[in-house]
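Each residue of the sequence shown is one higher than the one before, starting from 106 at the first, in this note's numbering. By construction, the Cβ of each residue, glycine as well, lies at the ideal position given by its N, Cα and C atoms. Step one of this worksheet: look at the structure below.
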Amino acid sequence: MAISANRLELLQIADAVAREKSIDRTIVITAMEDAIQKAARSRYGTETEVRAEINPKTGEIRLQRLLQVVDHVENVSTEIALADAQARNPEANLGDFIAEPLPPLDFGRIAAQSAKQVIVQKVREAERDRQYDEFKDRVGEVVNGVVKRAEYGNVIVDLGRGEGIVRRDELIPREAFRTGDRIRAYIYDVRREQRGPQIFLSRTHPQFMAKLFAQEVPEIYDGVIEIRSVARDPGSRAKIAVISKDSSIDPVGACVGMRGSRVQAVVGELQGEKIDIIPWNDDPATFIVNALQPAEVAKVVLDEDAERIEVVVPDEQLSLAIGRRGQNVRLASQLTGWAIDIMTEQEESERRQKEFQERSNLFMEALNVDEMVGQLLATEGFTSVEEVAYVELDEISMIEGFDDETAEEIQARARDYLEELEGKLDAERVELGVADELRGIDGLTTAMLVALGKDEVKSVEDLAGCATDDLVGWTERKDGETKRYDGALTAFDVSRAEAEAMIMAARVSAGWITEEELQAQAVEESEDEAAEEVVEEAASEEPAGAILNG
Numbered sequence: 106m107a108i109s110a111n112r113l114e115l116l117q118i119a120d121a122v123a124r125e126k127s128i129d130r131t132i133v134i135t136a137m138e139d140a141i142q143k144a145a146r147s148r149y150g151t152e153t154e155v156r157a158e159i160n161p162k163t164g165e166i167r168l169q170r171l172l173q174v175v176d177h178v179e180n181v182s183t184e185i186a187l188a189d190a191q192a193r194n195p196e197a198n199l200g201d202f203i204a205e206p207l208p209p210l211d212f213g214r215i216a217a218q219s220a221k222q223v224i225v226q227k228v229r230e231a232e233r234d235r236q237y238d239e240f241k242d243r244v245g246e247v248v249n250g251v252v253k254r255a256e257y258g259n260v261i262v263d264l265g266r267g268e269g270i271v272r273r274d275e276l277i278p279r280e281a282f283r284t285g286d287r288i289r290a291y292i293y294d295v296r297r298e299q300r301g302p303q304i305f306l307s308r309t310h311p312q313f314m315a316k317l318f319a320q321e322v323p324e325i326y327d328g329v330i331e332i333r334s335v336a337r338d339p340g341s342r343a344k345i346a347v348i349s350k351d352s353s354i355d356p357v358g359a360c361v362g363m364r365g366s367r368v369q370a371v372v373g374e375l376q377g378e379k380i381d382i383i384p385w386n387d388d389p390a391t392f393i394v395n396a397l398q399p400a401e402v403a404k405v406v407l408d409e410d411a412e413r414i415e416v417v418v419p420d421e422q423l424s425l426a427i428g429r430r431g432q433n434v435r436l437a438s439q440l441t442g443w444a445i446d447i448m449t450e451q452e453e454s455e456r457r458q459k460e461f462q463e464r465s466n467l468f469m470e471a472l473n474v475d476e477m478v479g480q481l482l483a484t485e486g487f488t489s490v491e492e493v494a495y496v497e498l499d500e501i502s503m504i505e506g507f508d509d510e511t512a513e514e515i516q517a518r519a520r521d522y523l524e525e526l527e528g529k530l531d532a533e534r535v536e537l538g539v540a541d542e543l544r545g546i547d548g549l550t551t552a553m554l555v556a557l558g559k560d561e562v563k564s565v566e567d568l569a570g571c572a573t574d575d576l577v578g579w580t581e582r583k584d585g586e587t588k589r590y591d592g593a594l595t596a597f598d599v600s601r602a603e604a605e606a607m608i609m610a611a612r613v614s615a616g617w618i619t620e621e622e623l624q625a626q627a628v629e630e631s632e633d634e635a636a637e638e639v640v641e642e643a644a645s646e647e648p649a650g651a652i653l654n655g
């Protein structure tokens with residue numbers, strides 16, 4: 106190949122390969138130098154440290170052998186005595202390298218073939234590095250390409266200066282591409298792998314739709330309208346939430362366009378996927394009501410700690426709110442990030458009636474009162490015996506039909522019931538083996554200690570070793586579905602901050618940390634001064650020691 110050519114042809118070949126592969130000419134010349142070095146080693150011995158240099162202007166090849174300066178020579182191919190080195194260069198010292206010129210090399214067929222393989226390999230590696238460097242910063246872009254071939258449902262796309270792949274699960278259902286078709290896709294990942302850089306494309310990624318809207322809607326491209334979130338059921342339906350930074354511009358109308366021209370252009374690219382454009386709102390309740398369009402919502406109840414919301418809809422709107430196979434509510438949940446429970450007005454009325462009856466029965470049993478008194482307390486909004494026992498006496502005596510004497514009697518019965526319940530819970534705590542020292546942790550009630558004991562948390566050390574999720578539970582989102590896992594104290598409506606405070610108090614009590622360290626940690630977190638340092642170590646490819654020309 107290049108090695109058998111004259112000097113001028115050598116440089117011409119380097120220029121041609123660099124242009125063809127879109128890589129730096131210097132890389133090609135370096136690959137040729139490595140090939141010549143490998144061929145020279147096969148001639149002079151694999152232990153010999155040979156250096157080849159090609160003059161980038163003249164094409165002249167210069168071969169040198171590096172010899173290390175040592176006291177006692179053990180290998181004449183790689184070492185030279187200090188006296189001999191100083192005879193060639195008086196400045197030579199132990200550990201330095203003496204460069205000894207070698208005569209021009211005539212390559213045999215095997216050496217030339219081996220050199221050719223080195224050049225091809227180096228050029229291929231440089232081409233892969235160029236492709237990776239070019240596309241690694243383009244993640245998040247929409248690119249156009251030509252289908253090169255289809256393999257097992259996957260589509261290989263020619264991107265001009267690289268190849269991308271659209272895997273079968275990243276294609277919109279029921280769409281098929283043939284060789285030579287034009288295709289538009291979203292770059293969602295670029296990885297450096299053994300067989301070269303892999304550019305992964307997608308037509309189902311939510312951001313693919315967002316980028317298409319940015320291309321069709323100038324206001325989005327200019328930043329006047331912002332896309333806050335996208336949820337897709339590829340090929341079927343999608344929801345996109347938008348907000349305008351300019352109050353004079355309607356974000357939904359701008360995305361729809363004149364007679365729907367803008368949204369139809371996106372729909373056409375996505376194989377007829379129906380798109381609901383939703384106005385984004387800072388208020389979660391309002392945003393979720395918007396996200397459930399076209400269904401009408403009668404009432405919402407939020408649980409912010411669990412990021413869960415109950416939505417009440419009219420009976421005739423239930424099927425519309427849920428959508429075919431739950432599609433509408435699923436997309437709304439993905440769009441908002443909230444778990445959504447939907448019920449009809451009739452179901453909600455029945456549930457409220459059931460809760461009212463349960464509270465009435467609780468008061469009847471705990472306070473030993475008749476049904477009318479129990480219902481009166483439930484009607485006034487009392488939800489627990491604790492509320493009845495410790496509210497101001499006036500709040501009970503003001504109930505119609507009650508007087509001060511009746512209120513005092515009801516509160517006395519409530520407190521007697523709570524004392525009796527406390528005694529039973531404490532006995533159960535002791536039976537479970539929960540240590541008395543846990544009672545000293547602020548915020549823990551006897552009922553909570555029983556719940557912890559049932560969860561095998563029975564000592565201060567056990568509590569100190571818990572994570573916040575172990576106490577309050579956690580939520581996982583997978584494939585658009587939200588699953589809730591309960592913690593030991595989920596039933597007690599304990600917040601994450603309260604649970605974390607209990608755990609840290611247990612760690613102080615157990616001696617894991619001191620109160621001073623806890624306070625210092627709190628200060629550090631509040632100031633948010635954590636910094637990450639990145640240290641890069643550059644390893645020189647040159648042999649150790651100076652290189653001196655002999």
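Query                                                                                                                                                              : Result
Sort out for me which residues DSSP pairs F305 with in a bridge.                                                                                                   : I270, D294
What did DSSP end up calling Q299 once you bin it into helix, strand or coil?                                                                                      : coil
Which term fits G522, buried or exposed, when burial requires 16 or more other beta carbons within 10 angstroms of its beta carbon?                                : Looking at the sequence shown, residue 522 is not Gly but Tyr. Classification for Y522: buried.
When the Cα atoms are used, what is the spatial distance from R287 to L423?                                                                                        : 42 Å
What is the C-beta distance between E663 and R342, in whole angstroms, given that I count them as a contact (C-beta under 8 Å)?                                    : With the chain running from 106 to 655 in the structure shown, residue 663 is simply not present.
Please find out if some non-hydrogen atom of the ligand NAD comes closer than 6 Å to the beta-carbon of D521.                                                      : This structure simply doesn't include the ligand NAD, nor any ligand for that matter.
May I ask you to list the residues that DSSP assigns as paired with W579?                                                                                          : Y590
Is there a Cβ from chain D that is less than 7 Å from the Cβ of A437?                                                                                              : Checking the listed chains, one finds no chain D in this structure; it contains a single protein chain.
Could you tell me whether the stretch 608-626 touches the stretch 587-599, using the rule of 3 or more Cβ pairs below 8 Å?                                         : no
With 16 other CB atoms within 10 Å as the buried threshold, where does R170 fall?                                                                                  : buried
May I have the straight-line CA-CA distance separating T550 from L467, to the nearest angstrom?                                                                    : 20 Å
Considering only C-alpha positions, which residue in the set A552, D446, V133, E605 is nearest to A569?                                                            : E605
Does the stretch 456-475 touch the stretch 345-362, meaning 3 or more C-beta pairs lie closer than 8 Å?                                                            : no
From the DSSP output, in three-state form, read off I118 for me.                                                                                                   : helix
Tell me which residue opens and which closes the alpha helix (DSSP H) that E536 is part of.                                                                        : 509-537
Hey, is the stretch 320-337 in contact with the stretch 277-285, meaning 3+ C-beta pairs nearer than 8 Å?                                                          : no
Quick one: what's got a C-beta closer than 8 Å to V565's C-beta in the same chain, skipping five residues either side?                                             : A540, E542, L543, I546, A611, S614, A615
For the alpha helix (DSSP H) containing L168, name the first residue and the last one.                                                                             : Per DSSP, L168 belongs to no alpha helix (DSSP H); it is in the beta strand (DSSP E), 166-175.
Does the count of Cβ pairs from the stretch 265-273 and the stretch 299-306 closer than 8 Å reach three?                                                           : yes
If I'm right that V133 touches V228 with Cβ under 8 Å, what's the distance once you round it to whole angstroms?                                                   : 6 Å
Does the Cβ-Cβ distance between L397 and A437 come in under 7 Å?                                                                                                   : yes
Kindly indicate which residue of D201, P419, V329 has the alpha-carbon position closest to the one of E452.                                                        : P419
Give me the Cα-Cα distance between F318 and V252, rounded to the nearest whole angstrom.                                                                           : 23 Å
In chain order, what are the residue ranges of uninterrupted beta strand (DSSP E) at least 3 long that sit wholly in the stretch 426-498?                          : 444-449
Going along the chain, which residues of its own chain have a beta-carbon closer than 8 Å to the beta-carbon of P208, five neighbours each way excluded?           : L168
Mind checking who R364 pairs with in its DSSP beta bridge?                                                                                                         : Bridge partners of R364: none, in fact.
So what does K379 bridge to, in DSSP terms?                                                                                                                        : R342
Which of helix, strand or coil does DSSP assign to K253?                                                                                                           : strand
Taking C-beta to C-beta, are A661 and R464 nearer than 7 Å?                                                                                                        : Outside the displayed span of the chain (106 to 655) sits residue 661, for which this structure offers no information.
So is E232 buried or exposed if we call it buried at 16+ other beta carbons inside 10 Å?                                                                           : buried
Would you mind sorting E324 into buried or exposed? The rule is 16 or more other CB atoms within 10 Å of its CB.                                                   : buried
Go ahead and label V244 buried or exposed: buried means 16 or more other beta carbons lie within 10 angstroms of its beta carbon, across all protein chains shown. : exposed
Compare the Cα-Cα distances from E321 to each of D189, G362, V347, H310 and report the closest residue.                                                            : G362
Identify the continuous alpha helix (DSSP H) that holds A396 and give its terminal residues.                                                                       : 389-396
In terms of alpha-carbon separation, which member of A471, E492, M609, R130 lies closest to N160?                                                                  : R130
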